[in-house]
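Heads up: the sequence lines are chains A and B, in that order.
The first sequence begins at 214 in the numbering used here and counts up one residue at a time.
The second sequence begins at 214 in the numbering used here and counts up one residue at a time.
Below is one structure, written out as structure tokens, with a few remarks after it.
Protein chains: 2
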Amino acid sequence: MAAMKWWGWGEEGVGFSHEDKPDLAPFIARAVGVDVGRKVSAPVRFGQLQIPDPQLPAGLRGALERVITATFISTDPLDRVVHARGKSLRDLIRQRSGELPRLPDVIVRPGSEDDVIAVLQAAVHADAVVIPFGGGSSISGSLEAPAGETRPVISVDLERLDKVLEIDSGSRLARVQAGVFGPHIEQQLGAFGYTFGHFPDSFEHSTLGGWIATRSSGMQSDRYGDIADMVKGLRVVTPSGTLVTRPVPSASTGPSVREMVLGSEGRLGIITEATVHIRRIPERRTILGYLFPTFGDGLAAMQDLAASDHAVSVTRVSDANETQFSFAMRVQPTLVDKLQSRLLRIFLRRRLGFDLNQMCISFIGYEGGDRHVAAQRRAVGRLVKRHGGLCIGSRPGVLYDKKKFDIPYIRDFLLDRGAAGDVSDTATTWSGLMRLYDAVVTAANGAFAQLAVHGYVMCHLSHSYHAGACLYFTFAFKARTNMTAEYELVKSAIQQAFVDNGATLSHHHAVGTEHAQWLEQDISAPGVVMLRALFDGTDPGKHLNPGKIV
Amino acid sequence: MAAMKWWGWGEEGVGFSHEDKPDLAPFIARAVGVDVGRKVSAPVRFGQLQIPDPQLPAGLRGALERVITATFISTDPLDRVVHARGKSLRDLIRQRSGELPRLPDVIVRPGSEDDVIAVLQAAVHADAVVIPFGGGSSISGSLEAPAGETRPVISVDLERLDKVLEIDSGSRLARVQAGVFGPHIEQQLGAFGYTFGHFPDSFEHSTLGGWIATRSSGMQSDRYGDIADMVKGLRVVTPSGTLVTRPVPSASTGPSVREMVLGSEGRLGIITEATVHIRRIPERRTILGYLFPTFGDGLAAMQDLAASDHAVSVTRVSDANETQFSFAMRVQPTLVDKLQSRLLRIFLRRRLGFDLNQMCISFIGYEGGDRHVAAQRRAVGRLVKRHGGLCIGSRPGVLYDKKKFDIPYIRDFLLDRGAAGDVSDTATTWSGLMRLYDAVVTAANGAFAQLAVHGYVMCHLSHSYHAGACLYFTFAFKARTNMTAEYELVKSAIQQAFVDNGATLSHHHAVGTEHAQWLEQDISAPGVVMLRALFDGTDPGKHLNPGKIV
Numbered sequence: 214m215a216a217m218k219w220w221g222w223g224e225e226g227v228g229f230s231h232e233d234k235p236d237l238a239p240f241i242a243r244a245v246g247v248d249v250g251r252k253v254s255a256p257v258r259f260g261q262l263q264i265p266d267p268q269l270p271a272g273l274r275g276a277l278e279r280v281i282t283a284t285f286i287s288t289d290p291l292d293r294v295v296h297a298r299g300k301s302l303r304d305l306i307r308q309r310s311g312e313l314p315r316l317p318d319v320i321v322r323p324g325s326e327d328d329v330i331a332v333l334q335a336a337v338h339a340d341a342v343v344i345p346f347g348g349g350s351s352i353s354g355s356l357e358a359p360a361g362e363t364r365p366v367i368s369v370d371l372e373r374l375d376k377v378l379e380i381d382s383g384s385r386l387a388r389v390q391a392g393v394f395g396p397h398i399e400q401q402l403g404a405f406g407y408t409f410g411h412f413p414d415s416f417e418h419s420t421l422g423g424w425i426a427t428r429s430s431g432m433q434s435d436r437y438g439d440i441a442d443m444v445k446g447l448r449v450v451t452p453s454g455t456l457v458t459r460p461v462p463s464a465s466t467g468p469s470v471r472e473m474v475l476g477s478e479g480r481l482g483i484i485t486e487a488t489v490h491i492r493r494i495p496e497r498r499t500i501l502g503y504l505f506p507t508f509g510d511g512l513a514a515m516q517d518l519a520a521s522d523h524a525v526s527v528t529r530v531s532d533a534n535e536t537q538f539s540f541a542m543r544v545q546p547t548l549v550d551k552l553q554s555r556l557l558r559i560f561l562r563r564r565l566g567f568d569l570n571q572m573c574i575s576f577i578g579y580e581g582g583d584r585h586v587a588a589q590r591r592a593v594g595r596l597v598k599r600h601g602g603l604c605i606g607s608r609p610g611v612l613y614d615k616k617k618f619d620i621p622y623i624r625d626f627l628l629d630r631g632a633a634g635d636v637s638d639t640a641t642t643w644s645g646l647m648r649l650y651d652a653v654v655t656a657a658n659g660a661f662a663q664l665a666v667h668g669y670v671m672c673h674l675s676h677s678y679h680a681g682a683c684l685y686f687t688f689a690f691k692a693r694t695n696m697t698a699e700y701e702l703v704k705s706a707i708q709q710a711f712v713d714n715g716a717t718l719s720h721h722h723a724v725g726t727e728h729a730q731w732l733e734q735d736i737s738a739p740g741v742v743m744l745r746a747l748f749d750g751t752d753p754g755k756h757l758n759p760g761k762i763v
Numbered sequence: 214m215a216a217m218k219w220w221g222w223g224e225e226g227v228g229f230s231h232e233d234k235p236d237l238a239p240f241i242a243r244a245v246g247v248d249v250g251r252k253v254s255a256p257v258r259f260g261q262l263q264i265p266d267p268q269l270p271a272g273l274r275g276a277l278e279r280v281i282t283a284t285f286i287s288t289d290p291l292d293r294v295v296h297a298r299g300k301s302l303r304d305l306i307r308q309r310s311g312e313l314p315r316l317p318d319v320i321v322r323p324g325s326e327d328d329v330i331a332v333l334q335a336a337v338h339a340d341a342v343v344i345p346f347g348g349g350s351s352i353s354g355s356l357e358a359p360a361g362e363t364r365p366v367i368s369v370d371l372e373r374l375d376k377v378l379e380i381d382s383g384s385r386l387a388r389v390q391a392g393v394f395g396p397h398i399e400q401q402l403g404a405f406g407y408t409f410g411h412f413p414d415s416f417e418h419s420t421l422g423g424w425i426a427t428r429s430s431g432m433q434s435d436r437y438g439d440i441a442d443m444v445k446g447l448r449v450v451t452p453s454g455t456l457v458t459r460p461v462p463s464a465s466t467g468p469s470v471r472e473m474v475l476g477s478e479g480r481l482g483i484i485t486e487a488t489v490h491i492r493r494i495p496e497r498r499t500i501l502g503y504l505f506p507t508f509g510d511g512l513a514a515m516q517d518l519a520a521s522d523h524a525v526s527v528t529r530v531s532d533a534n535e536t537q538f539s540f541a542m543r544v545q546p547t548l549v550d551k552l553q554s555r556l557l558r559i560f561l562r563r564r565l566g567f568d569l570n571q572m573c574i575s576f577i578g579y580e581g582g583d584r585h586v587a588a589q590r591r592a593v594g595r596l597v598k599r600h601g602g603l604c605i606g607s608r609p610g611v612l613y614d615k616k617k618f619d620i621p622y623i624r625d626f627l628l629d630r631g632a633a634g635d636v637s638d639t640a641t642t643w644s645g646l647m648r649l650y651d652a653v654v655t656a657a658n659g660a661f662a663q664l665a666v667h668g669y670v671m672c673h674l675s676h677s678y679h680a681g682a683c684l685y686f687t688f689a690f691k692a693r694t695n696m697t698a699e700y701e702l703v704k705s706a707i708q709q710a711f712v713d714n715g716a717t718l719s720h721h722h723a724v725g726t727e728h729a730q731w732l733e734q735d736i737s738a739p740g741v742v743m744l745r746a747l748f749d750g751t752d753p754g755k756h757l758n759p760g761k762i763v
């Protein structure tokens with residue numbers, strides 16, 4: 214798997230374009246006051262970067278070379294820059310401007326768990342810092358070494374640990390190495406008729422180990438579970454040896470050490486392998502589009518759905534602002550498309566009494582055997598109707614499915630045009646959802662007003678649970694003077710609205726350094742004491758990704 | 214809620230009897246060589262117990278009296294004996310013989326979270342030990358103070374914290390105090406049309422806080438989830454303040470502190486309150502009985518069911534030995550019953566080719582709306598048939614449902630007759646289940662043979678998951694010379710077979726002191742390091758239930 218761009222999302226040569234989306238330019242002009250035709254910023258050239266020499270003591274280098282083939286020990290400048298950070302908006306802004314952080318001194322690419330053990334031992338012996346690296350897609354600052362770090366910094370890139378080792382078809386479990394990327398795990402399992410079913414937005418650029426270390430969620434987690442539900446056995450190289458948890462379905466063995474690894478962001482050790490739930494590729498998989506008169510109607514429908522006997526794979530409802538964005542993203546509509554769309558709008562307005570400015574698009578996914586899917590579709594269709602919703606067929610779902618992994622590229626597109634765009638996700642109870650939504654939108658718009666910037670905030674419900682749901686916010690604004698400071702204010706306003714309204718600081722993007730300031734408000738002071746106790750006692754030498762989470 | 218017997222299960226005056234079960238006496242004679250008519254042992258009288266005076270320094274007593282009304286501070290001898298231990302078989306044997314442990318010096322019954330905070334502060338200040346007490350039904354030794362404990366020991370009985378405080382019907386969540394007993398939480402929720410749905414065997418004698426502290430499972434956990442899935446928000450009084458986790462459905466906030474409290478057995482603090490999933494009392498609830506030709510057929514059916522699109526509330530399959538026991542437990546069969554039973558046996562043998570000695574009884578439960586339950590029953594019926602199974606209607610399920618909470622009393626009944634009976638539960642993957650079962654049965658029978666005792670081991674699958682299931686073993690034998698030593702050998706053989714065959718040391722009965730010796734073999738040495746780190750860092754003064762788990 215090729216490394217990500219050092220300055221942006223995804224691989225070199227791939228990017229977001231408005232040119233095949235005729236409605237997008239006017240939408241962006243309206244939403245954030247940006248003329249998409251006018252690029253105002255570009256990343257500095259790589260040659261312009263000031264890259265300090267690596268500080269790799271001869272003893273440590275020797276120890277690494279004794280265990281890892283030289284090809285897999287890199288002090289290459291590009292490699293060091295790519296491994297220095299993740300892809301938070303703050304990361305992108307700084308990388309583009311050439312403002313580099315404390316770079317790792319060396320990148321090692323172990324080829325086995327034994328290699329990982331030897332690397333960690335060498336690091337502890339040399340009093341070095343170890344930062345595990347999966348796909349490098351963190352948007353929470355989980356990958357950057359502390360600014361003042363004086364010890365050698367080793368980035369351990371797990372990309373060579375990329376195999377599905379074993380499939381236990383009777384138990385629907387697979388033993389998988391931690392460095393495997395999303396498409397590659399699906400490809401290896403798919404060859405045997407199985408799927409893992411974990412599809413975060415970062416799917417193409419993130420790894421199993423990264424998903425585990427951040428408590429990731431995917432687009433079909435309503436069916437497959439969050440990563441925390443899907444991972445059973447774990448192998449983690451720690452300073453006191455290799456932690457091995459058994460792939461048992463449930464256990465009463467004290468506080469769950471398996472759960473402690475989930476979300477640990479490299480603070481407890483290096484995840485090398487996991488035994489994970491897999492499922493047969495379903496007979497049928499459909500995502501249907503629906504329209505609701507308002508966001509409130511859509512949320513109420515999802516709430517009812519969660520309380521029902523029905524089983525679905527995806528629940529998603531966009532608010533009115535995101536619905537407008539979604540429509541503006543349409544690729545090359547044909548004349549027939551345009552006509553249909555026009556007729557639909559007339560029907561919605563005149564026959565169903567929709568206010569088209571309030572209308573919200575929703576996707577509900579179905580998976581399983583033909584009979585099961587057919588029965589669920591019918592039952593959910595009736596439920597949606599009771600909330601004033603209308604099914605608009607499978608085409609919008611197919612389009613959504615196609616473009617879903619392209620969305621992260623849009624941040625680079627906006628940065629080129631002087632605008633900041635980012636996401637913040639949270640979760641709360643069903644009863645608190647609408648109040649939370651209103652508070653966050655008010656907070657974001659308040660921040661835009663305070664800064665006197667042209668901004669836009671939009672949201673979708675992305676996952677449903679028994680007692681609540683995830684709200685996933687996207688916001689963008691045209692920067693005025695200092696994009697970083699302005700971003701800081703908007704992002705903080707949103708995060709503070711989360712914790713002030715009983716919600717969590719993050720549903721699936723981890724803590725890192727970006728969210729650490731809200732952690733105590735979320736999990737309370739004794740919760741922070743417990744995390745510190747766990748980290749300090751497991752890694753007394755503070756070699757493992759210091760400064761993250763707490 | 215009245216306290217349990219100091220010497221056995223349940224309340225005084227309630228016990229197990231064979232007299233209304235005509236087939237039981239001959240079954241027990243065959244299985245463990247015991248004549249039920251001949252009692253050979255009885256608990257010593259309470260008056261015979263040697264009860265040392267409580268060691269409660271005046272300063273500590275004063276501090277407690279300043280916060281808790283005198284009525285709720287007890288040094289009563291019976292109270293101290295009842296709170297000294299749980300109900301493991303080893304506990305029962307020792308209590309009956311008058312061999313008391315280090316007794317708690319005082320029992321306090323706080324009436325509020327503020328009371329709990331004050332008690333913990335007083336305890337820390339006086340360098341005392343605090344052991345939280347729920348229903349006292351632990352069978353893992355989680356409640357006993359260390360033998361050599363020289364500090365004052367305070368048992369904190371949460372029975373006064375027994376209220377459902379708030380129902381959030383929109384989110385299907387209830388805020389509930391930790392000291393509430395099973396029947397009382399159902400009663401309070403039932404008044405509003407809700408159920409918690411957690412029904413462990415100990416249901417009548419255990420509390421919400423106890424379920425959380427031990428990672429409990431209930432009989433309908435296939436639908437409602439294990440307690441770990443049902444508990445969202447938590448309030449826990451710790452030495453560094455009150456831990457508060459938000460009742461959000463899912464979060465990515467580092468290693469989950471919520472999960473650290475689950476299974477913590479009082480080592481991290483005193484749980485005062487939880488916000489838990491609730492559900493509407495379902496329109497329909499049915500448990501159907503099925504017969505399978507062999508245990509292997511029954512397991513294979515449950516495995517297929519777990520991989521299907523069907524949703525059920527209970528999956529249970531007894532092995533042939535437990536099936537025999539189950540039939541022997543029938544209460545007063547009428548002439549019609551006997552005739553039906555005879556005809557069924559003829560039908561099974563002659564038409565279906567069952568070997569009646571291998572035949573296994575199974576229960577599958579269905580809950581939800583009428584249509585849902587009907588559809589699931591039909592679909593599961595077809596699945597069962599494919600595995601050679603036969604539905605025998607709802608009557609066995611009704612009987613099973615009635616008697617399920619009486620089973621724990623049988624240990625006292627056997628002890629009166631010189632026989633030891635106990636349970637051990639575990640979980641593993643579907644693929645490993647049959648090998649595990651064979652290994653455990655072989656280990657138990659090997660131990661019986663080694664001891665030259667007349668013994669019996671039986672098993673049921675009690676919970677199904679995506680990738681595996683829980684196997685719940687019951688074993689009994691007639692003691693020869695030293696019941697405790699003989700029990701130790703049998704129990705150890707079974708537990709060792711669990712960990713030697715890739716299974717967990719306990720599925721839902723916690724670690725305590727009973728299972729601590731297998732913990733490292735289960736979660737590996739670094740797992741133990743992590744638990745120690747967590748406990749030592751959270752409770753540096755070692756005031757909280759010392760010596761449990763690790």
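Ideal Cβ positions, reconstructed from N, Cα and C, are used throughout, including at glycine.
The model shown is predicted, which means the values in this text are computed figures rather than measured ones.
Hey, would you say Leu732 (chain B) sits closer than 8 Å to Ile762 (chain B), going by beta carbons?
Yes, the Cβ-Cβ distance between Leu732 (chain B) and Ile762 (chain B) is below 8 Å.
Using only CA atoms, which one of A:Val461, A:Gly631 and A:Phe661 lies nearest to Val247 (chain A)?
The residue with the shortest Cα to Cα distance from Val247 (chain A) is A:Gly631.
Check whether the Cβ atoms of Thr716 (chain B) and Thr655 (chain B) lie closer than 8 Å to each other.
Sequence inspection shows Ala at residue 716 (chain B); the Thr mentioned does not correspond to that position. Result no, Cβ atoms of Ala716 (chain B) and Thr655 (chain B) do not sit closer than 8 Å.
Where does the unbroken beta strand (DSSP E) through Met432 (chain A) begin, and where does it stop?
Where Met432 (chain A) is concerned, there is no enclosing beta strand (DSSP E), given that its DSSP letter is neither H nor E.
To the nearest angstrom, how far is it from the Cα of Leu565 (chain B) to the Cα of Leu378 (chain B)?
The alpha-carbon atoms of Leu565 (chain B) and Leu378 (chain B) are separated by roughly 54 Å.
How is the alpha helix (DSSP H) around Gln334 (chain B) delimited, first residue to last?
Looking at the DSSP string, the run of the alpha helix (DSSP H) that includes Gln334 (chain B) is Glu326 to His338.
Would you give the residue range spanned by the alpha helix (DSSP H) that Leu302 (chain B) belongs to?
Taken as a continuous stretch (DSSP letters only), the alpha helix (DSSP H) holding Leu302 (chain B) covers Leu302 to Ser310.
Can you list, in chain order, the residues of the segment 501–530 of chain A whose Cβ is nearer than 9 Å to any Cβ on chain B?
Taking 9 Å as the Cβ-Cβ cut-off against chain B, the residues of the segment 501–530 of chain A that qualify are Gln516, Ala519, Ala520, Ser521, Asp522, His523 and Ala524.
Does any C-beta atom of chain B lie closer than 8 Å to the C-beta of Asp635 (chain A)?
Asp635 (chain A) does not count as touching chain B.
Can you find the residues in the same chain that come closer than 7 Å, C-beta to C-beta, to Gln545 (chain A), ignoring five residues on each side of it along the sequence?
Closer than 7 Å at Cβ, skipping near neighbours: Asp233.
Which residues does DSSP pair with Arg388 (chain A) in a beta bridge?
DSSP, once it has assigned bridges, lists A:Glu379 and A:Thr488 as partnering Arg388 (chain A).
Tell me whether Met214 (chain B) sits in a helix, a strand or coil according to DSSP, three-state version.
The predicted position of Met214 (chain B) is uncertain, since its pLDDT is 46 and thus under 50; a value taken from the coordinates is nonetheless stated next. It is coil, neither helix nor strand.
Specify the secondary structure class of Lys761 (chain B) as computed by DSSP and reduced to three states.
Coil at Lys761 (chain B), not helix or strand.
What alpha helix (DSSP H) runs, 4 residues minimum, are completely inside the segment 400–455 of chain B?
DSSP runs (the alpha helix (DSSP H)) wholly in the segment 400–455 of chain B: 421–427, 434–437 and 440–443.
Counting only Cβ pairs nearer than 7 Å, list the residues of chain B close to Arg428 (chain A).
Ser465, listed in chain order.
Using only CA atoms, which one of A:Arg624, A:Trp424, A:Gly228 and A:Gln433 lies nearest to Glu486 (chain A)?
The residue with the shortest Cα to Cα distance from Glu486 (chain A) is A:Trp424.
Interface residues of chain A around Tyr678 (chain B) at Cβ under 8 Å?
Under the 8 Å cutoff, chain A gives Pro462 and Ser463.
So, under 8 Å CB-CB, Arg492 (chain A) and Gly410 (chain A) are touching, yes? Tell me the CB distance rounded to an integer number of Å.
Confirmed, Cβ separation roughly 6 Å.
Out of curiosity, what's the CA-to-CA distance linking Leu273 (chain B) and Pro317 (chain B)?
Cα-Cα distance, rounded: 14 Å.
Using a Cβ-Cβ distance under 8 Å, would Glu326 (chain A) count as near chain E?
Checking the listed chains, one finds no chain E in this structure; the protein chains it contains are A and B.
Quick one: give me the first and last residue of the alpha helix (DSSP H) that Val353 (chain A) is part of.
Looking at the sequence itself, residue 353 (chain A) is Ser, so the reference to Val does not match. Neither: Ser353 (chain A) is in no alpha helix (DSSP H) and is coded neither H nor E.
Taking 8 Å as the threshold (beta carbon to beta carbon), is Glu701 (chain B) in contact with chain A?
No, because no Cβ of chain A sits closer than 8 Å to the Cβ of Glu701 (chain B).
Determine, using beta carbons only, whether His722 (chain A) comes closer than 8 Å to chain B.
Yes, its Cβ sits closer than 8 Å to a Cβ of chain B.
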